[in-house]
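Quick note: the first sequence uses my numbering, first residue 286, plus one each step. Written below as structure tokens is the structure these notes are about.
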Amino acid sequence: MQLQQTISQRISEALQSIFQIAVDADQVALQPTRKEFAGSFTFVTFPYTKQAGKGPEQIGQALGEYLKENAAEIKGFNVVKGFLNLEVEEAEWLRLFREMMQQPGYGQAEASGRNVMVEYSSPNTNKPLHLGHLRNNFLGYSVSEILKANGHNVLKANLVNDRGIHICKSMLAYEKFGNGETPQSSGLKGDHLVGKYYVQFDKAYKEQIEELAAQGVDKEEAKKKAPLMLEAQDMLKKWEEGDPAVVNLWKQMNSWVYAGFDETYRNIGVDFDKFYYESGTYMLGKELVEEGLQKEVFFRKDDGSVWVDLTDEGLDEKLLLRADGTSVYITQDLGTAQLKYNDFPYDESLYVVADEQNYHFQVLKAVLKKLGKPYAEGIYHLSYGMVDLPSGKMKSREGTVVDADELVLEMEDTARQQTEELGKIEGFTPEQARELYHTLAMGALKYFLLKVDPKKRMLFNPQESIDFRGNTGPFVQYSHARISAILRKAAEMGIQVEAASFDDFKNLHETEQEVIAQLVNYPAVIAEAGKLYAPSVIANYAYDLAKAYNRFYQEVSIFNETDEQARRFRIALSAMVARLLRHSMRLLGINVPDRM
RNA sequence: GGUCUCGUAGCUCAGCUGGAUAGAGCAACUGCCUUCUAAGCAGUAGGUCUUUGGUUCGAAUCCAAACGGGAUCACCA
């Protein structure tokens, strides 16, 4: 980054001095040189032909000569059509490398003073987590870590959707069909047990609709009139009124679910600084609705329901409170937004929520703006694409989901099989082996879900288990493990990486230079990932770095090297790569093993 | 129907604010382990970047339209 800036600055000077063209250094666009040409950075001269009154080759030639003469970093150049390819001095690469070695916090940006709240996970307490939630959890966790690396103060929040009609559905089904079943009595994990009744509700509900339809009732009408639905609505009302029996059942079932979630969160390695519960925020939401009525930015219809008119923002009229006074989804989100800001005055508040809710968040932001809330502007919906199965969309109610807990178990089993097949398990205690399988399983899974641009939908095929080769988490983990072996050996030989000097080292191998060039990029990559909220940028970087290192590893020998300086340099280079692999994978929530 | 979004190799995906002959991985084929971990490395093959126009020195990238997926427009969350 620093190197690029220096070169850009020189080019800016050259354009001024040779052609009297004024271009700011930060306007000078450098790109990495394509592999088939010599050089590391390329400057495109086409845009300047008119101003310079010269052809693109002539400009390139003139700039190249100027840089070779005046820029110490530039060793040489070549011009192909309108492309000026610049070669960087070996000493400059080594200087950059030494510099980063001496920064223990290389990759961590300086404190920005910005507060960023990241809400993610936000589960419903009526069913266990599935593959879609995994993408959400991994994204939210990773984006939080990336933002920390960018120097922001991050608070990870989890808003638990613990109330509402959907919760009443599983409660009702449990009441009717549960026979007092408990996690203890059935051996089922709490969230799975509750989820079972959610599915049962839907099944029974559909049967009722069919029955009514058979009696000639209109389908839409039947959905509203089915006794189970009426009972669920009644239950919701009782809940809001504080009916002790309903509230007790609710507490009981939620506590089961929380125990289940805790276990899953721990297992998949995500965490939160603060939990919010919808049951604790929806009342505040109602107050905000009241405030809006007083400010006359909301209005009440004849039936008593409260609405906001957003047609002048290109949106529709939106219901904020039902006629019976109960709250809807957005009501509690209004309250939560206020509460969040009270707790943690943020500059930015991210909501990691699937893109099916794009409209909802437009509305939320617009409503808060109408209320004149200062924090409305900082709201940002980090919208991500759904995970599709080959059969299409996952639906909890229909049971066509890939269960998160099961998936993790399957991945661990795959990791075990692969490792055993490769015979890489000798010297491991059973406990270490189990830990390794978990590390690999989570690495494969997280990397798989994070390497894709968050905004895009992605496909997961449960039939084909996630790969451990190629562009995968285990590939990066493997690269790290190999370096660890080298560092262990170096330590045995008494070589201390930190103190190792290689001041007289010369003749950088092509692959070594390529690795350094990758390492130099890291801070820019972190900034980019932070700007775009895209862990995929980090994932691709880790992969590229590992690939560059593996090429070096293949072509250049370390311990057979007779030149002492070269050997020390290569060990130091390896150590630095290991450091950044570990660091970048940490930003994805992935651990790297020392042996595998 | 309105709005939004996506369309790159057989499959899964990269491709930054426009730049050279569009890149990886998987799958297929060929080499490389008496030398630091072969979960690796090197190579072959595979493309009208959905289509058509436009902007320009130059378009996978920007604009418009068409076609084809998807999301949303609920007193569900």
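Cβ coordinates follow ideal geometry from the N, Cα and C atoms, glycine included.
Asked: Of the residues T714, P675, S681 and L725, which one's Cα is nearest the Cα of E695?; Found: L725
Asked: What separation, rounded to the nearest whole angstrom, lies between the Cα atoms of G480 and A831?; Found: 41 Å
Asked: Would you mind giving the Cβ-Cβ distance between F790 and Q850, rounded to the nearest angstrom? I have them listed as a contact below 8 Å.; Found: 4 Å
Asked: With 16 as the cutoff for other CB atoms within 10 Å, does E799 come out buried or exposed?; Found: buried
Asked: Note the first and the last residue of the continuous beta strand (DSSP E) segment covering L605.; Found: E602 to L606
Asked: Could you spell out the range, first to last residue, of the alpha helix (DSSP H) harbouring D829?; Found: P820 to E840
Asked: Using only the alpha-carbon positions, how far apart do M743 and L416 sit?; Found: 11 Å
Asked: Here's the rule: buried if 16 or more other CB atoms are within 10 angstroms of the residue's CB, otherwise exposed. What is Q500?; Found: exposed
Asked: Is it right to say H794 is buried, meaning 16 or more other beta carbons lie within 10 angstroms of its own, or is it exposed?; Found: exposed
Asked: CB of R585 to nearest heavy atom of the ligand MN: below 7 Å?; Found: This structure does not include the ligand MN; it has no bound ligands of any sort.
Asked: Whose C-alpha, out of A809, G449, Q803 and A819, is nearest the C-alpha of A833?; Found: Q803
Asked: Take L866 and list the residues in its own chain whose beta-carbon comes closer than 7 Å to its own, dropping the five residues that flank it on each side.; Found: V761, S764, H765, A827, L830, A831 and V877
Asked: Please state whether DSSP places K741 in a helix, a strand or coil.; Found: coil
Asked: Given that a residue counts as buried once 16 or more other Cβ atoms are within 10 Å of its Cβ, and exposed if not, what is Y333?; Found: buried
Asked: Could you spell out where the beta strand (DSSP E) holding G361 opens and where it closes?; Found: I359 to V365
Asked: On the three-state DSSP scale, how would you describe L416?; Found: helix
Asked: Is DSSP giving D476 helix, strand or coil here?; Found: helix
Asked: Taking buried to mean at least 16 other C-beta atoms within 10 Å of its own C-beta, is N643 buried or exposed?; Found: exposed
Asked: Identify every residue that forms a DSSP beta bridge with N443.; Found: F560
Asked: Which residues share a DSSP beta bridge with E372?; Found: G361
Asked: Could you check which residue in V582, V693 and L369 has the C-alpha nearest to that of A323?; Found: L369
Asked: Between the Cα of F331 and those of E321, R319, T318 and A314, spot the shortest distance and give me the residue it belongs to.; Found: A314
Asked: For D879 and L872, what's the separation of their Cα atoms in angstroms?; Found: 18 Å
Asked: For D752 and F745, I'd like the C-alpha separation in whole angstroms.; Found: 12 Å
Asked: Does the region 448-468 come into contact with the region 375-386, if we say contact requires no fewer than three beta-carbon pairs (one atom in each stretch) closer than 8 Å?; Found: no
Asked: Which runs of the beta strand (DSSP E), 3 residues or longer, sit entirely within the region 316-355?; Found: 326-329
Asked: Tell me, to the nearest whole angstrom, how far the beta carbon of G620 is from that of T566; I am working on the premise that it is less than 8 Å.; Found: 4 Å
Asked: Comparing alpha-carbon positions, which option in L288, P630, D311 and Q301 lies nearest V373?; Found: L288
Asked: Quick check on the burial criterion: 16 or more other C-beta atoms within 10 angstroms. Buried or exposed for F787?; Found: buried
Asked: How is H437 classed by DSSP in three states: helix, strand or coil?; Found: coil
Asked: Does the Cβ-Cβ distance between A608 and G577 come in under 8 Å?; Found: no
Asked: Measuring alpha carbon to alpha carbon, tell me which residue in E375, N411 and P529 is nearest D487.; Found: N411
Asked: State the Cα-Cα distance for the pair N422 and Y405, rounded to the nearest angstrom.; Found: 6 Å
Asked: Using alpha carbons as the reference points, say which of T847, E662 and A639 lies closest to D673.; Found: A639
Asked: If we ignore side chains and look at the alpha-carbon of each, how far apart do L721 and R701 end up?; Found: 9 Å
Asked: Pick from V782, Q393, M671 and E525: whose alpha carbon is nearest that of I856?; Found: V782
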